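The structure appears right after this line, and notes come after that.
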Ligand code: SAM
Ligand code: DTB
Ligand code: SF4
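As structure tokens, this is what we get:
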């Protein structure tokens, strides 16, 4: 993954971000055409496999247990249910599934075994599998890679300076370490941020500079507009101007010419014309389906109508990298064996229907 050295300093990138909009979009669209098919859009579907009750205090997030939101907490979903949702997403044109869990960090427990099995199953369906599970160590990253995980999403969200104003339960460096663990395991990195939290343009560019200084920038960069949720500390934030969203997308496009820039949360507040401008400025991926993790997103049909108007088609999976191999995982095999034995036992009991023994009491 390349970076554009001409803008690799904070001053230059900020100047670019603030340049006249028509120049900025034109430059971004030019870079976009050089490295990407401008008529293609990657559709990624989110599945919230474990919802709410998170111990972190991210000020934007409705899933934190620290805030009083109306969110319904859901324990870990079953493998079959998640595979069913993935099949549906594939039928609707998605080439990638991103499984999200409201965890601070991955723990080596049964729920993680389930995630590993979900990754195996969805990779087996020929879709790119992404997961966003919070912090993880190198061993956990390796286990996910062996299951067939294609990408790991872990956002820096903002600059190092602004980070402490929105999250107190972890450090910026923790995020960088997890990204590096995913990288070491050979997993493609998806990392970006949120705008509209009250940060400055310097903070937005500060986040991009962190990616510039990484050994390799992320393969995907999601740009989210804050979805203000009642009960969170950021509930009263004024919606971000669409022009800022376009500037952020265009600047990311120019700085990281080969990365996929994803127009992420916040699309329900944007007109179709504004979304089209984001695509023109270099976004080539969206989250598809009527729900993000917990908040609304445009319906499949609405997006399909927009793509038809724009002449855009869904991108096929594994165009930017090979499909990972799925290796056998002992814990998953064991869990499958136990499940099979249980099912057998259940079947046998119903086949040899229980007949009570006659007892004569003298
Ligand atoms: N718990 C994991 C973590 O924090 O990495 C994974 C799930 S977390 C919900 C994934 C990302 O969703 C966050 O990093 C943030 O960028 C984004 N997000 C959460 N709430 C949001 C909101 N209200 N508006 C926009 N983006 C949001
Ligand atoms: C990302 O950058 N945005 C997605 C995905 N990665 C995990 C999540 C957006 C969440 C928006 C708030 C919600 O629906 O809970
Ligand atoms: Fe938890 Fe992730 Fe939400 Fe932060 S963003 S509260 S870590 S689910």
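Residue numbers (our numbering): 116 to 477.
Where a beta carbon is used, it is the ideal one built from N, C-alpha and C, also for glycine.
Here the structure is a predicted model, which is why all the values come from computation and not from measurement.
Report the CB separation of residue i from residue j in whole angstroms; it is logged as a contact under 8 Å.
i	j	result
residue 219	residue 432	With 8 Å as the limit, residue 219 and residue 432 do not qualify as a contact, their Cβ atoms being about 30 Å apart.
residue 191	residue 214	Actually they are not in contact, since the Cβ atoms of residue 191 and residue 214 sit about 11 Å apart, beyond 8 Å.
residue 306	residue 271	6 Å
residue 208	residue 158	5 Å
residue 311	residue 352	6 Å
residue 250	residue 224	With a Cβ gap of about 15 Å, residue 250 and residue 224 do not count as contacting.
residue 147	residue 368	6 Å
residue 246	residue 267	6 Å
residue 204	residue 436	So it is not a contact: roughly 20 Å between Cβ atoms.
residue 258	residue 444	7 Å
residue 428	residue 154	6 Å
Pick from the options: whose alpha carbon is nearest that of residue i?
i	options	result
residue 237	140, 161 and 154	161
residue 511	251, 241 and 412	Given a span of 116 to 477 for the chain in the structure shown, any question on residue 511 remains unanswerable.
residue 363	116, 130, 239 and 450	130
residue 442	453, 235 and 430	235
residue 395	202, 204, 163 and 152	152
residue 261	230, 247, 280 and 278	230
residue 137	415, 455, 457 and 392	392
residue 124	325, 438 and 464	325
residue 438	182, 149, 301 and 355	301
residue 415	206, 179 and 196	206
residue 399	385, 406 and 379	379
residue 434	126, 150 and 329	150
Is it true that the CB of residue j sits closer than 8 Å to the CB of residue i?
i	j	result
residue 318	residue 286	no
residue 173	residue 282	yes
residue 338	residue 298	no
residue 221	residue 255	yes
residue 389	residue 357	yes
residue 77	residue 156	One cannot answer for residue 77 here, as it falls past the ends of the chain, which runs 116 to 477.
residue 163	residue 408	yes
residue 228	residue 446	yes
residue 401	residue 334	no
residue 144	residue 426	no
residue 387	residue 421	yes
residue 140	residue 361	yes
residue 216	residue 240	no
residue 340	residue 132	no
Keeping to the same chain, check which residues put their C-beta closer than 6 Å to that of residue i; ignore five residues upstream and five downstream.
i	result
residue 184	177, 344 and 346
residue 273	308, 314, 318 and 322
residue 331	116
residue 284	171 and 172
residue 291	none
residue 198	236
residue 366	131 and 132
residue 181	172
residue 410	342
residue 226	191
Once you ignore the five residues that flank residue i on each side, which residues in its own chain have a CB closer than 7 Å to its CB?
i	result
residue 188	166, 167 and 168
residue 370	118, 119, 122, 128, 323 and 327
residue 294	269, 304 and 306
residue 244	212, 234, 237, 238, 263, 264 and 265
residue 296	251, 252, 253 and 256
residue 179	169, 171, 172 and 173
residue 175	281, 309, 312, 341, 347 and 349
Output yes if chain B places a C-beta closer than 8 Å to the C-beta of residue i; else output no.
i	result
residue 426	Judged by its chain identifiers, the structure shown contains no chain B, having just a single protein chain.
The ligand FAD and residue i: does the residue's C-beta get closer than 7 Å to at least one heavy atom of that ligand?
i	result
residue 440	Among the ligands in the structure shown, the ligand FAD does not appear; only the ligand SAM, the ligand DTB and the ligand SF4 can be found there.
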